[in-house]
Amino acid sequence: MALEDDSTKEDRKALEEFLADSGCLDRLSKWTRGFNAFDVLGIARAEIRHSNVLAWLMDPAENHGLDDGVIRGFVDYAARGMGGDGVFDDLLMDCDGFSIRREWHCIDILAVNYDAGYVLCIENKIFSGEHDDQLARYCGEVEKAYPAYRRRFIFLTPDARNASKASDAEDWLAMGYGDVLGIIGQAVEAHGPAPAQAQFISEYMDAVRRDILGDEELERICMKIYKKHKRALDLIINCKNDLIPRINEHCKEWARRKAKDDEIVFDEGDCGKRITRFRTKLMSLILPDGDGPNSSWKTCCNYFYEIKVQDGDDGPEIRCQLCFDSCGLDGKRMEIYDRISRSIPCLETWSNGKNWWHIHWIWPDAGKSFQLVPADFDEEWLNKQLDDMLGRLKEFERGLSEEKWVKDLLAGKDAAERA
Numbered sequence: 160m161a162l163e164d165d166s167t168k169e170d171r172k173a174l175e176e177f178l179a180d181s182g183c184l185d186r187l188s189k190w191t192r193g194f195n196a197f198d199v200l201g202i203a204r205a206e207i208r209h210s211n212v213l214a215w216l217m218d219p220a221e222n223h224g225l226d227d228g229v230i231r232g233f234v235d236y237a238a239r240g241m242g243g244d245g246v247f248d249d250l251l252m253d254c255d256g257f258s259i260r261r262e263w264h265c266i267d268i269l270a271v272n273y274d275a276g277y278v279l280c281i282e283n284k285i286f287s288g289e290h291d292d293q294l295a296r297y298c299g300e301v302e303k304a305y306p307a308y309r310r311r312f313i314f315l316t317p318d319a320r321n322a323s324k325a326s327d328a329e330d331w332l333a334m335g336y337g338d339v340l341g342i343i344g345q346a347v348e349a350h351g352p353a354p355a356q357a358q359f360i361s362e363y364m365d366a367v368r369r370d371i372l373g374d375e376e377l378e379r380i381c382m383k384i385y386k387k388h389k390r391a392l393d394l395i396i397n398c399k400n401d402l403i404p405r406i407n408e409h410c411k412e413w414a415r416r417k418a419k420d421d422e423i424v425f426d427e428g429d430c431g432k433r434i435t436r437f438r439t440k441l442m443s444l445i446l447p448d449g450d451g452p453n454s455s456w457k458t459c460c461n462y463f464y465e466i467k468v469q470d471g472d473d474g475p476e477i478r479c480q481l482c483f484d485s486c487g488l489d490g491k492r493m494e495i496y497d498r499i500s501r502s503i504p505c506l507e508t509w510s511n512g513k514n515w516w517h518i519h520w521i522w523p524d525a526g527k528s529f530q531l532v533p534a535d536f537d538e539e540w541l542n543k544q545l546d547d548m549l550g551r552l553k554e555f556e557r558g559l560s561e562e563k564w565v566k567d568l569l570a571g572k573d574a575a576e577r578a
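The sequence shown begins at 160 in this note's numbering and counts up one residue at a time.
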């Protein structure tokens with residue numbers, strides 16, 4: 160008991176010393192006191208939102224005030240990096256006529272200049288890697304749709320790394336977010352957008368520097384503060400982390416009740432320390448189980464709805480996601496997955512070189528990748544959030560069930576069962 164008392168006293172002393180030295184945090188005000196719309200909206204670390212902003216900046220017809228400055232920069236970068244036939248045509252091309260498309264055949268950004276016979280494909284990988292034969296498949300889709308066009312492919316990552324497969328690296332030019340900031344900065348300097356647009360673009364560039372590229376000065380100051388007040392900061396972090404198991408247990412208890420009410424299919428053995436997994440009867444009809452437990456989860460099914468709990472910048476946060484695993488997916492079920500994936504935004508993809516996983520957005524609202532959980536949350540508040548999440552999930556499945564291919568698929572199953 161004395162040891163416990165001594166430890167508590169040391170914890171209290173460490174916290175008191177940290178509070179007395181709170182002036183050390185003033186050095187962080189450069190990063191913490193400024194307003195940044197991307198931080199407020201919680202999208203600074205959301206890959207799909209970065210693609211949305213880049214597509215907007217690349218579109219010469221949009222109201223950002225940069226005209227064709229950004230798309231011109233991307234075209235020039237591809238021309239210089241890829242070389243080959245048509246380089247001079249690329250460099251001299253009029254970029255005013257570009258059409259920018261998002262998620263065409265699941266490709267992050269597709270820029271097409273019909274008059275010039277030119278197409279630029281950009282695959283944006285910030286917090287994940289490419290999966291399976293994704294890049295080769297995208298090349299095939301673009302070549303099939305634009306056979307006579309000059310085709311350029313950019314693999315965009317924070318550090319300009321090459322595609323993992325050598326065959327893909329030959330076709331895809333590596334580009335880093337430092338290059339992107341250079342292009343945007345030059346466009347801003349050349350065109351001088353209006354104050355509102357300039358502020359938005361500046362905040363976006365700040366978010367990229369801090370959350371994607373990393374700010375060395377910020378990291379150095381934080382490490383110095385941490386070394387000085389390690390015990391107090393570890394205590395604060397541990398108290399914060401204690402919330403995660405509580406939230407996860409509430410999520411599992413909610414899932415047990417919903418399974419008892421026959422609203423979902425739930426097996427606690429499928430869950431993880433920070434993930435509550437469940438299925439639905441409709442989705443299991445659309446994407447049926449395989450012949451054996453051959454998924455990466457060691458289950459017969461290749462999908463789960465997941466309630467994910469994680470540590471956010473401002474505290475614990477949750478979201479509902481639909482996760483697909485390629486391990487064991489045969490041709491027919493892979494085709495079904497491809498159809499489902501076109502109905503819902505993809506948040507993350509990653510691969511281990513053999514299999515891939517896709518994470519699709521379900522809840523919370525678009526524009527928020529996670530829902531913040533207050534430190535003083537109660538069970539009633541969390542149940543309300545989870546019920547709202549389930550309502551959103553059912554809304555998604557209702558829309559999916561109205562698609563013709565799903566109706567035909569389910570009608571075929573009914574006919575087979577009757578036979």
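Ideal placement from N, C-alpha and C gives every residue a C-beta, glycine not left out.
If you're wondering where the values come from, they're calculated on a predicted model, not measured in any experiment.
Contact annotation: residue 491 and residue 478 have beta-carbon atoms that are not nearer than 8 angstroms. Residue 178 counts as exposed, since fewer than 16 other C-beta atoms from the protein chains shown sit within 10 angstroms of its C-beta. Going by DSSP, residue 478 is part of no alpha helix (DSSP H) but of the beta strand (DSSP E) stretching over 474 to 484. Taking a cut-off of 8 angstroms on C-beta distances, the region 267 to 285 touches the region 301 to 313, as three or more cross pairs fall below it. Closest in C-alpha terms to residue 553, from the list 470, 438, 475, 505, comes 438.
Taking all protein chains in view, the Cβ of residue 296 is surrounded by fewer than 16 other Cβ atoms within 10 Å, so the residue is classified as exposed.
Secondary-structure assignment with DSSP links residue 519 through a beta bridge to 481, 505.
Pairing residue 386 with residue 472, the inter-Cα distance amounts to about 20 angstroms. Counted as a single uninterrupted DSSP element, the stretch harbouring residue 549 is not any beta strand (DSSP E) but the alpha helix (DSSP H) occupying residues 538 to 560.
Contact annotation: residue 486 and residue 463 have beta-carbon atoms that are not nearer than 8 angstroms.
Burial check for residue 539: the Cβ neighbour count within 10 Å stays below 16, so the residue is exposed. Remark: C-beta atoms of residue 508 and residue 465 do not approach each other more closely than 8 angstroms. Secondary structure of residue 413 (DSSP, three-state): helix. By the beta-carbon neighbour count (other beta carbons within 10 angstroms, threshold 16), residue 382 is exposed.
Listed in chain order, the non-local C-beta contacts of residue 488 below 6 angstroms within the same chain comprise 461, local neighbours out to five positions each way being set aside. Residue pairing by DSSP places residue 266 opposite 263 in a beta bridge. Excluding residues up to 5 positions away in sequence, 228, 232 lie with their Cβ nearer than 8 angstroms to the Cβ of residue 345 in the same chain.
Here DSSP, grouped into helix, strand and coil, assigns residue 500 to helix. For residue 225, no beta strand (DSSP E) encloses it, and the DSSP letter there is neither H nor E.
Per DSSP, the continuous alpha helix (DSSP H) segment holding residue 359 begins and ends at 354 to 367. Between the C-alpha atoms of residue 301 and residue 263 there is a straight-line separation of about 10 angstroms. Across the structure, residue 367 and residue 497 are spaced so that their CA atoms are roughly 31 angstroms apart.
Cβ-Cβ separation between residue 275 and residue 253: approximately 7 angstroms, consistent with a contact (criterion under 8 angstroms).
According to the DSSP secondary-structure assignment, residue 464 is paired through a beta bridge with 437, 481. With the rule of 3 Cβ pairs closer than 8 angstroms, the region 352 to 369 does not count as touching the region 323 to 332. Contact annotation: residue 469 and residue 506 have beta-carbon atoms that are not nearer than 8 angstroms. DSSP places residue 336 inside the alpha helix (DSSP H), whose first and last residues are 336 to 350. Looking at the DSSP output, residue 312 bridges to 280.
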